[in-house]
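Taking it in order: structure first as structure tokens, then the write-up.
Residue numbers (the working numbering): 681 to 849.
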């Protein structure tokens with residue numbers, strides 16, 4: 681058995697979604713703080729004191745969010761029964777608070793069940809986890825959290841389909 685993990689590049693559209701959300705949140709916070717503590721002073725004086733943070737915080741948060749929301753792909757190859765490994769991966773993801781949304785012959789799409797993660801997926805349009813297989817390999821694509829669950833279980837756990845020596849690249 682051989683596994684290979686590939687990390688995709690962050691998407692600029694994801695950066696823009698995070699930036700819009702964080703900029704709106706900062707605008708709301710700065711406005712409320714102005715109305716509570718500084719009402720009556722000129723707005724430009726107040727913005728000079730918080731303007732750097734007002735712009736810097738959404739930019740830095742958006743960069744971190746875009747890198748955190750990028751997709752990862754785990755490919756498991758050199759296995760005897762890819763369908764069995766794919767079913768095992770789906771079961772493992774279901775145990776980790778995901779539900780099957782679409783199940784086809786050789787592909788299964790899963791989404792998180794938690795309220796925050798559902799909101800996060802809808803708000804920022806993060807891709808659901810996908811488990812697909814063909815005759816040569818099983819491919820799991822999703823956020824790093826979902827891919828890492830399977831990779832760690834194969835690397836350090838006991839899996840019944842591990843007949844061949846493990847080679848990680």
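Idealized CB from N, CA, C, for every residue including glycine.
- If you compare the alpha carbons of 828, 693, 708 and 810 with that of residue 734, the shortest gap goes to 708.
- Per DSSP, reduced to three states, the secondary structure at residue 752 is strand.
- Our two residues, residue 758 and residue 687, have alpha carbons roughly 21 Å apart in a direct line.
- Our two residues, residue 809 and residue 710, have alpha carbons roughly 37 Å apart in a direct line.
- The three-state secondary structure of residue 720, taken from DSSP, is coil.
- Excluding its 5 nearest sequence neighbours in each direction, residue 755 has C-beta neighbours in its own chain below 6 Å: 684, 817 and 819, listed in chain order.
- Secondary structure within the segment 768-830: the alpha helix (DSSP H) runs of 4 or more consecutive residues, fully enclosed, are 795-804 (chain order).
- Residue pairing of residue 757 in beta bridges, as defined by DSSP: 682 and 817.
- The shortest C-alpha to C-alpha distance from residue 813 to any of 718, 702, 713 and 764 is the one to 764.
- Take the alpha-carbon of residue 731 and the one of residue 807: they are about 34 Å apart.
- When C-beta atoms of the segment 787-806 are compared with those of the segment 735-744, fewer than three pairs fall below 8 Å, so the two segments do not count as touching.
- Between residue 726 and residue 714, the C-beta spacing is below 7 Å.
- Residue 687 is bridged by DSSP to 752.
- Residue burial annotation: residue 697 is buried, with at least 16 other C-beta atoms found within 10 angstroms of its C-beta.
- Taking the Cα positions, residue 821 is about 7 Å away from residue 827.
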